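Take a look at the structure set out below.
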Amino acid sequence: MDSHLIRNTDLSRRALLAGMGGLAVAITLPLPVLAQNAPPAPPPLGAAAAGANAQAGMVTAHLVVKPDGKVVIISPTTEMGQGTHTAHAAIIADEVGVDFAAVSVETAIPADAYRWGGSMGSGGSQGVRRWNDHLRKGAAQARAVLIQAAANRWQVDPATVTLDNGRLTHAPSKRSLGIGEVAEDAAKLTPPDNPTLRDPKTRRYVGKDIPRLDIPPKVRGETIYSMDFRLPGMLYACARLNPVFYGDVASFDAAPALKVKGVKKVVKITGGVAVVADSVWAAMKGADAVTVTMAPSPQDGINSAALTAAMIEGLGADNAIPATERGDLAAALKSAAKTVIADYAVPYVCHAPMEVWSCTGLFKDGKLELWAPTQVQDRSRRTAASTLGIDAEAVKVNTLMLGGGFGRRLMDEGIPGAAQVAKELAGTPVKFFWRREDEFDRGYYRPAQMARLTASLDAKGEVTGMAIRISGPSMRAEFTPGSVKETDLDGSSVQDLSNLPYNLPNFKLDWARRHVRVTTAPWRAVGATHNAFFLECFIDELAAAAGKDPVAFRRQLLAGNKRALAVIDLVAAKSDWGKKLPKGHGQGIGFFASFGSLSAHVVEASVSDGQPNIHKVTTVLDCGDVVLPDGARSQMMGGVVMALSAGLYEAVTVKDGRAEQRNFDSYRLMRHSEAPPVIDVHFINSGEALGGVGEPGLPPTFPAVANALSAATGKRLRHLPLVEALQV
């Protein structure tokens, strides 16, 4: 049978208490396994496991009922503006039976009660889905002991006592109490191992549009971010770093900096020096003045052109690290009526949060206390302890609100400098900070990657086989050094491609490691961002080769998968897929399964004078059930905007071992005027296990906008950023 070969290799370089006499109830529910070999949930824990969070009268660790009846949740997660703490408050309020307005949330200081798999941290869209059942059972335990305490006081059967709206009521005798009135008594009781959970039908807050806890203080300017945080007598330390990845300084002359008014000291830190002064401005001026000699580095010669060449070579290499293989792909390709091959590429992209790195430290009596905007509290503790040669138990981490995370605060590379400066100025609190240029120079990126996809079609235009080769550096090798051997598969590179929802009986997936020592770490949605782009753009190319509509073609590949089809059908209906469009406009679809959720987007776009215009984005998310609709809606919208910015404009290129883009004048972000005027968000409450929300909205955006622009221009766009691809 004759084969028709369609091939393109057009590539570019351009990626986380109690009051006196209060009640605190531990969470003892083992969470459902969210992934194979997932780390265990925290064991049943009492007050001793609350660590630095413990106060007199605290008997267990997570849920606090104060004497005035207010409820405080000691949350194990970082609030990054995504609404996780509000979701936790809704879960607790519904299950205990208190008014939402009576609930507040605080982030825990690292201790056993707040660790998952031995470590406290937030990421992977796990803030609600990981802790939902845990918090709910803990709240039910709290309700049980509060009811028992009231029943004991009244000497009645606890089965005759109810708890609603924060009040305990014994209807037969018409007696009632506020929950705070029995808090001390309840704290002395042992919570039941298997408390009765409330019927979900009685919920007042979960699944409803309720006010976000973090929004009012932000609007009033009351939220304390890291750079806002102050301690009496605090000094400021500005970093001066070698801009080369992992580089250091060979020597420095402090004299010029010490001449700057307000400068107190220059301290050698990991990767450079820090200039300590009595104000931010003086510290910055001193950092500019200090004379440094950069040390030679093995990374000095790294450049994007060489990496691009290596990745292209990897696409066609005979050997690669296997990920998944099933069926007989060779036979499917041999008997194909048509074979389609296409190559795709994505660049390094920066997290670029508005808040640059800063951390306040106080070293005193051999112990270090940190106030940091971190997603990884225990990792930060360990790093600080290792840096100073002290025990991790001597390090206390207080979590501040994050001014943007997106995975950026999963890294702790600013912690050593903060610890070193704090120790050098023992007894004096010091705020250690980077400048914007340091964020680009020494921050971490989503790794550059390339892909070659090959598929066979039969005479009916049906896919009979598919091969996916990913080529590029290992993110995990830099994010968790030593965790990936050269012959190991980095799962982030092939994330979510091994178990695609599409019916592909003959399938092969592998990865060609082409590594360079550029700092890389999880970027929002991690490998799903580039893999969705590769796969879903290719699906559109296959639909074209088969002469079929892109939505109809996906429905064919998803035959029998009711959940996935429901997502595809809803996004098609809500976007009015296939409608008559203005001249020069195109619609594009992207569908992807990631972080336990299914999401599909349709983008309507056009191109004017070579510049893309995004007119509307329609999104559908099935994350099982939505706990906080307002938060989920915001996450989907924010994810779309972030992905549009990265997909259309963003790229970090490397020359001489450093980023060529060092600030927003050279690192292009999408402007307000370029954001789509309409982002239409829809949810499907399928009742499946809870999935993530913070990240699944990004992956489908990349291919949806690329496919829309391809439809508008008639030109296949196979590399990011798309503004560059449009010019080729």
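Quick note on numbering: the working numbering labels position 175 of the sequence shown as 189, and the sequence is numbered without any gaps. Built from N, CA and C at the ideal position, the CB exists for glycine as well. In this text the structure is predicted, and so the values were computed from the model without any measurement.
What separation, rounded to the nearest whole angstrom, lies between the Cα atoms of D554 and F547?
11 Å
Along the alpha helix (DSSP H) that carries M656, what are the first and last residues, could you check?
P643 to L662
Quick one: complete beta strand (DSSP E) runs, 3+ long, within the region 385 to 431?
409 to 413
According to the neighbour-count rule (16 or more other Cβ atoms, all chains shown, within 10 Å of its Cβ), is N67 buried or exposed?
buried
Member of V86, A125 and A101 whose CA lies at the smallest distance from the CA of W145
A101
On the DSSP bridge assignment, give the partners of F606 in chain order.
S613
Please classify A49 as buried or exposed, where buried requires at least 16 other C-beta atoms within 10 Å of its C-beta.
Because A49 sits at a pLDDT of 37, beneath the cut-off of 50, its placement in the model cannot be relied upon, and the following sentence gives the value as read from the coordinates. A49 comes out exposed.
Take G706 as the anchor and find which of M656, D639 and G486 has the nearest alpha-carbon.
D639
Whole beta strand (DSSP E) elements within the region 451 to 522, 3-residue minimum:
463 to 471 and 477 to 486
For a quick check, are the C-beta atoms of I88 and A122 less than 8 Å apart?
yes
Would A163 and D113 be called neighbours here (beta carbons separated by less than 8 Å)?
no
Following the continuous alpha helix (DSSP H) through I628, name the residue where it begins and the one where it ends.
Per DSSP, I628 belongs to no alpha helix (DSSP H); it is in the beta strand (DSSP E), Q625 to D636.
With 16 other CB atoms within 10 Å as the buried threshold, where does S724 fall?
buried
When we look at the beta-carbon of H686 and count the other beta-carbons within 10 Å, is it buried (16 or more) or exposed?
exposed
Within a Cβ cutoff of 8 Å, which residues of the same chain sit near S608, ignoring the five residues on either side of it in sequence?
Q509, D510, A539, A542, A546, G706, E709, P710 and P713
Could you give the first and the last residue of the continuous beta strand (DSSP E) run that contains D199?
Careful: D199 lies outside any beta strand (DSSP E), inside the alpha helix (DSSP H) at A197 to A201.
CA-to-CA distance, A720 to A726, given in whole angstroms:
10 Å
Over the uninterrupted beta strand (DSSP E) stretch that includes K378, give me the two end residues.
S372 to K378
On the three-pair Cβ rule with 8 Å, is the region 460 to 468 touching the region 403 to 415?
no
If the criterion is Cβ atoms closer than 8 Å, does the pair E93 and R150 meet it?
no
G192: first and last residue of the uninterrupted alpha helix (DSSP H) it sits in
Run containing G192: none in the alpha helix (DSSP H); it sits in the beta strand (DSSP E), R189 to G192.
Within 8 Å, strictly: CB atoms of A366 and L683:
yes
Opposite R685 in the DSSP bridges: which residues?
In DSSP, R685 forms no bridge with anything.
Just to confirm, are G604 and E550 a CB contact at a threshold of 8 Å?
yes
To the nearest angstrom, how far is the alpha carbon of R616 from that of T478?
The amino acid at residue 616 is misidentified as Arg; the sequence shows Val. For V616 and T478, the distance between alpha carbons rounds to 26 Å.
Could you tell me if M425 is buried or exposed, where buried requires 16 or more neighbouring beta carbons within 10 angstroms of its beta carbon?
buried
To the nearest angstrom, how far is the alpha carbon of G652 from that of R244?
30 Å
Would you call the CB atoms of V274 and Q434 closer than 8 Å?
no
How many angstroms separate the CA atom of R456 from the CA atom of P257?
6 Å
Selection from L343, L191 and A185 that minimises the alpha carbon distance to D167
One point to set straight first is that residue 167 is Arg, not Asp, in the sequence displayed. It is L191 whose Cα lies nearest to the Cα of R167.
Among G137, N520 and S240, nearest to S349 - alpha-carbon criterion:
N520
Could you tell me whether the region 414 to 430 touches the region 258 to 266, using the rule of 3 or more Cβ pairs below 8 Å?
no
State buried or exposed for P231, treating a residue as buried only when at least 16 other CB atoms are found within 10 Å of its CB.
exposed
Look at the alpha carbon of S622 and the alpha carbon of D563, and state the distance between them as a whole number of angstroms.
25 Å
If you draw a straight line from the C-alpha of G65 to the C-alpha of T494, how long is it?
27 Å
Run the CB neighbour count on T307, radius 10 Å, all protein chains shown included, and call it buried at 16 or more, exposed below.
exposed
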